[in-house]
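Worksheet: the structure to be examined is printed underneath.
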Amino acid sequence: MFDIPRFDQPDAPAIAQAKRAAPAPLQYIARYLQEERYFVASRTKSPPRIIFFCRWPLTQRVLAMFLKMLGIGICQKWAYQSPKERGNVAATFTSKDSGAEVLVATYRLASVGLNL
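Residue numbering for the sequence shown follows the numbering used here, starting at 6 and increasing by one per position.
Here is the structure:
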């Protein structure tokens with residue numbers, strides 16, 4: 006996803022510097038959530054709801070753990086869920102009283118049950 010320069014002769018300090026210069030995806034997400042005022046204690050209105058799509062299930066799990074660690078209410082849609090379970094997740098996410106602000110889903114859903 007991010008281009009890290011390649012070197013003919015691996016130089017440890019140069020590679021480490023290139024890796025530090027490459028922005029981490031979770032840093033992007035945290036910065037976006039901060040800009041959308043997810044971390045303001047006295048917010049008068051709820052922030053916009055967000056849907057994150059992940060290509061790989063492990064990425065979905067890591068992102069979900071990261072968001073939970075930040076104290077953000079999440080829902081998750083998985084490819085193995087039945088249509089009824091997916092409907093329940095959609096109902097929870099769209100409900101104003103559920104506290105779910107972010108939906109984390111996978112591309113492996115094949116657009117079945119994505120209608121919110």
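We treat Cβ as the ideally placed atom computed from N, Cα and C, and that holds for glycine.
Reduced DSSP secondary structure (H/G/I, E/B, other) of residue i
i	result
ALA27	Because the pLDDT of ALA27 is 48, which lies under 50, any placement of that residue in the model is unreliable, and the number read from its coordinates should be weighed accordingly. Coil at ALA27, not helix or strand.
Cβ neighbour criterion (16 or more within 10 Å) applied to residue i
i	result
LEU63	exposed
ARG91	buried
Contact set for residue i: own chain, Cβ-Cβ below 6 Å, skip 5 residues either direction
i	result
LEU2	Any answer about residue 2 is impossible in this case: the structure gives the chain only from 6 up to 121.
GLN65	CYS59, VAL109 and THR111
ARG11	Caution applies to ARG11, whose pLDDT of 44 falls short of 50 and renders its modelled position unreliable; the model cannot decide the point.
DSSP beta-bridge partners of residue i
i	result
ILE34	DSSP lists no partner for ILE34.
Would you mind listing the beta strand (DSSP E) stretches within the stretch 62 to 119 that are 3+ residues and don't spill past its ends, in chain order?
Segments of the beta strand (DSSP E) lying fully in the stretch 62 to 119: 79 to 82 and 107 to 111.
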